[in-house]
Amino acid sequence: MNSTAKTLKIGVLAYPIEGVTLEGYAAKLDRLVAEAAAAGAELLLMPEYACVEVAGGYVSSPDVDAELNAVCARAAGILAAQRDVAMKYGVWLAPGSVPVRGPDGVTINRAPLFAPDGSVAFQDKRVMTRFENEHWFVSPGAPPGIFETPWGKIGLTICYDTEFPALARAQVEAGAWLILAPCCTDTLRGYNRVGFSARARALENQCYVAVAPTVGDAAWSGALDTNRGYAAVYGPVDRGFPEDGMIARGALDEPGWIYATLDPAKIEDVRVNGGVLNHRDWPAPVGACAILPRGALETA
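When the count follows the working numbering, it moves up by one through the sequence shown with no breaks and lands on 378 for the last residue.
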């Protein structure tokens, strides 16, 4: 990390799921990004699978296979719409993940980060939920990486990946001071698993973590029928940060943007001068646990 890095105003969206055509999705993206850009946000985060609402323009009843096929068939158009709004409004855009299918028929859950010049890098999901494994047959993608940005190095863990500490830790060890966590959960329990994990990642790595959920009901969909959560940004639970580590949050199940100004220099400082040094003290691999010997208490 570089102590001269500038602050970042991030916008994090609780994304309202509807049912739209590709053209309707592009228009919706334009409205949403225009709103956040007008508020001064420089980097925008949207949820996992937000673009799957595009299936609503092409299926007539809930059918998880037909929905996935409809979105995969339009993945190139979805990505182009995302690139175009990033360029139009001059923002860095993490528009949530897109299911993409290669020529070999393998489906990957892939999250882009678009720069204002239209260039893009991708982070794939590594650990699939039961729904992804058993219904959509999504395969693990490439290992964790980091994005280079004007604010320094940033990581991204897609939804369930956030629940596995080693994935975010690999990004932090590569220099990430902020982790983006786009998610899509259909129960409050599911959202809390991601949210609690995000807070834990922020604590143990002394970094920021931003969580963007899908929200709302979509009766037309078998995949996005119910969506729960709230947008949130977490930080270290330490000196210079809120007592509970909560930087910003929206209301439960309420669509819309939240904003926060994040300072990489504060992360660099707390990793050196914090009340505890979780980032430094991350333990080496523990190895197998032995049985602890039990014997008589010696009092002499």
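Beta carbons are placed, not taken as given, at the ideal position from N, Cα and C, and that holds for glycine.
Requested in this report: Return helix, strand or coil for D202, following the three-state DSSP convention.
Outcome: Locating residue 202 in the sequence shown gives position 124, counting from the first residue. Of the three classes helix, strand and coil, the one that applies to D202 here is strand, per DSSP.
Query raised in the report: Is P333 buried or exposed, if buried means 16 or more other CB atoms sit within 10 Å of its CB?
Result: Against the sequence shown, residue 333 aligns to sequence position 255. By the neighbour-count criterion, in which a residue is buried when 16 or more other Cβ atoms sit within 10 angstroms of its Cβ, P333 is buried.
Report task. Starting from the C-beta of M206, find all residues in its chain whose C-beta is less than 6 Å away, skip the five residues before and the five after it, and write them out in chain order. Result -> Position 128 of the sequence shown holds residue 206. So the qualifying residues of the chain are V216.
Query raised in the report: Whose C-beta lies closer than 7 Å to the C-beta of L281 among residues of the same chain, with five residues either side of it excluded?
Result: In the sequence shown, residue 281 corresponds to position 203, counting from 1. Excluding sequence positions up to five before and after L281, its CB lies within less than 7 Å of the CB of P314, V315, G323 and N356, all in the same chain and listed in chain order.
Report task. For I232, collect the residues of the same chain with a Cβ closer than 7 Å to its Cβ; drop the 5 residues on either side in sequence, then sort them by chain order. Result -> Here the question's residue 232 lines up with position 154 in the sequence shown. Taking I232 as the centre and dropping the five residues before and after it, the same chain places the C-beta of I224, F225, A254, L256 and L258 closer than 7 Å to its C-beta, in chain order.
Query raised in the report: On the three-pair Cβ rule with 8 Å, is the stretch 169-180 touching the stretch 128-148?
Result: Judged by pairs of C-beta atoms under 8 Å, the stretch 169-180 touches the stretch 128-148, as three or more such pairs exist.
Requested in this report: Compare the C-alpha of D239 against each of D141, V287 and D195 and name the closest.
Outcome: Indexing the sequence shown from 1 puts residue 239 at position 161. The shortest C-alpha separation from D239 is found at V287.
Query raised in the report: So, using beta-carbon positions, are A133 and A148 closer together than 9 Å?
Result: Along the sequence shown, read from residue 1 onward, the residue named residue 133 stands at position 55. Along the sequence shown, read from residue 1 onward, the residue named residue 148 stands at position 70. In this structure, A148 lies closer than 9 Å to A133 by Cβ.
Query raised in the report: Given a threshold of 16 other Cβ atoms within 10 Å of its Cβ, counted over all protein chains shown, does L302 qualify as buried or as exposed?
Result: Position 224 of the sequence shown, counted from the start, is the residue given in the question as residue 302. Counting Cβ neighbours within 10 Å, L302 comes out buried, since at least 16 surround it.
**Report entry** Extent of the continuous alpha helix (DSSP H) run through D108
**Finding:** Reading the sequence shown from its first residue, position 30 is the one you call residue 108. Following the DSSP letters along the chain, one finds D108 inside the alpha helix (DSSP H) bounded by residues L100 to A116.
**Report entry** Spatial distance of C262 from R306 (CA atoms)
**Finding:** The residue labelled residue 262 in the question sits at position 184 within the sequence shown. The residue labelled residue 306 in the question sits at position 228 within the sequence shown. Distance between the alpha carbons of C262 and R306 is about 8 Å.
Query raised in the report: Since Y93 is in the beta strand (DSSP E), which residue starts that stretch and which ends it?
Result: Counting from one through the sequence shown, the residue named residue 93 turns up at place 15. Unbroken beta strand (DSSP E) run through Y93: L86 to P94.
Query raised in the report: Looking at A290 and Y93, is the spacing between their C-beta atoms short of 9 Å?
Result: The residue labelled residue 93 in the question sits at position 15 within the sequence shown. The residue labelled residue 290 in the question sits at position 212 within the sequence shown. Yes. Within cutoff.
Query raised in the report: Looking at C-alpha atoms only, which residue of F242, R277, N187 and D141 is the closest neighbour of A153?
Result: Mapped onto the sequence shown, residue 153 falls at position 75. The residue with the shortest Cα to Cα distance from A153 is N187.
Requested in this report: Report the residue from L375, W298, V142 and Q284 whose alpha carbon sits nearest the alpha carbon of E212.
Outcome: Locating residue 212 in the sequence shown gives position 134, where the first residue counts as 1. Here the closest residue by C-alpha is V142.
Query - Extent of the continuous alpha helix (DSSP H) to which E145 belongs - result: Taking the first residue of the sequence shown as position 1, residue 145 is located at position 67. Boundaries of the alpha helix (DSSP H) around E145: V142 to A151.
Query raised in the report: Below 9 Å between beta carbons: does that hold for F242 and R271?
Result: Indexing the sequence shown from 1 puts residue 242 at position 164. Indexing the sequence shown from 1 puts residue 271 at position 193. In this structure, R271 does not lie closer than 9 Å to F242 by Cβ.
**Report entry** Endpoints, the alpha helix (DSSP H) within which E126 is located
**Finding:** Position 48 of the sequence shown, counted from the start, is the residue given in the question as residue 126. From DSSP, E126 is part of no alpha helix (DSSP H); its letter is neither H nor E.
**Report entry** Buried or exposed (CB count within 10 angstroms, at least 16 for buried), L121
**Finding:** Position 43 of the sequence shown, counted from the start, is the residue given in the question as residue 121. With 16 or more other Cβ atoms within 10 Å, it is buried.
Report task. Could you tell me which residues DSSP pairs with V311 in its beta bridges? Result -> For the purposes of this step, residue 311 is taken as residue 233 along the sequence shown, with counting starting at 1. For V311, which the question treats as bridged, DSSP gives the partners A288 and A326.
Query - Range covered by the beta strand (DSSP E) that runs through G352 - result: One-based indexing of the sequence shown puts residue 352 at position 274. Boundaries cannot be given for G352, as no beta strand (DSSP E) includes it and DSSP labels it neither H nor E.
Query raised in the report: Taking the beta strand (DSSP E) that R179 falls in, what are its first and last residues?
Result: Working through the sequence shown from its first residue, we reach residue 179 at position 101. Run containing R179: V176 to R179, per the beta strand (DSSP E) assignment.
Query raised in the report: Which residues mark the beginning and the end of the beta strand (DSSP E) in which N187 is found?
Result: Here the question's residue 187 lines up with position 109 in the sequence shown. Under the DSSP assignment, N187 falls in the beta strand (DSSP E) whose first and last residues are T185 to F192.
**Report entry** Cα-Cα separation, D202 to A220
**Finding:** Here the question's residue 202 lines up with position 124 in the sequence shown. Here the question's residue 220 lines up with position 142 in the sequence shown. D202 and A220 have their alpha carbons spaced roughly 6 Å apart.
Query raised in the report: For T304, which three-state DSSP category applies?
Result: Taking the sequence shown and counting its residues from 1, one reaches residue 304 at position 226. Note: T304 maps to strand in three-state DSSP.
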